[in-house]
Amino acid sequence: MLLENLLEETANHLIRYYCLASTNHRYDLVFMHSEMYFGKAMAISIQNGQMVMLNYNDISDEDYWARKLDIKEEDIEEFRNLLSLVLDKNQLLEKF
19 MLLENLLEET
29 ANHLIRYYCL
39 ASTNHRYDLV
49 FMHSEMYFGK
59 AMAISIQNGQ
69 MVMLNYNDIS
79 DEDYWARKLD
89 IKEEDIEEFR
99 NLLSLVLDKN
109 QLLEKF
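Positions 19 to 114 (my numbering) are the ones given, in order, by the sequence shown.
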């Protein structure tokens, strides 16, 4: 089997780590922003190793991200608020 290298690039990433505690749960998350992600951020749950690609428009679709990031039902509203800050385009434009 021959592997063909289709792309090899070095990219700048903005990486944010969050260790959060709600009343009954703890969450350890990483958000990675890069020009290579086509306007989305890579969100990773350190606890379960699952990843989801998100942009600001995905915040209202908790069925898409909450299960993958293992966010409990009672914490979803607070996470919508957090995602609104983390995925804010204006803040990201200042960083890149």
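Here a beta-carbon is modelled for each residue, glycine too, at the ideal position from N, C-alpha and C.
In this structure, how does DSSP classify residue i when only helix, strand and coil are distinguished?
| i | result |
| --- | --- |
| Ser52 | strand |
| Ser102 | helix |
| Asp46 | strand |
| Glu80 | helix |
| Glu3 | The chain is shown only over 19 to 114; residue 3 falls outside these bounds and no answer can be derived. |
| Asp88 | coil |
| Phe114 | A caution first: Phe114 carries a pLDDT of 49, below 50, which makes its placement in the model too unreliable to give a value. |
At the level of alpha carbons, what is the spacing between residue i and residue j?
| i | j | result |
| --- | --- | --- |
| Ser52 | Leu105 | 12 Å |
| Asn75 | Leu20 | 39 Å |
| Gln68 | Trp83 | 10 Å |
| Met60 | Asp79 | 16 Å |
| Asn99 | Met71 | 17 Å |
By the 10 Å Cβ neighbour count, where 16 or more other Cβ atoms means buried, how is residue i classified, buried or exposed?
| i | result |
| --- | --- |
| Phe114 | In this prediction, Phe114 has a pLDDT of 49, which is less than 50 and means its spatial position is unreliable; what the coordinates show is noted afterwards. Exposed, because fewer than 16 other Cβ atoms sit within 10 Å of the Cβ of Phe114. |
| Ile94 | exposed |
| Ile62 | buried |
| Ile89 | buried |
| Ala29 | exposed |
If residue i sits next to residue j, beta carbons under 8 Å apart, how far is it from one beta carbon to the other, in whole angstroms?
| i | j | result |
| --- | --- | --- |
| Tyr36 | Leu47 | 5 Å |
| Ser102 | Ile77 | 6 Å |
Starting from residue i, follow its DSSP beta bridges and name the residues at the other end.
| i | result |
| --- | --- |
| Ala59 | His51, Leu72 |
| Tyr35 | Val48 |
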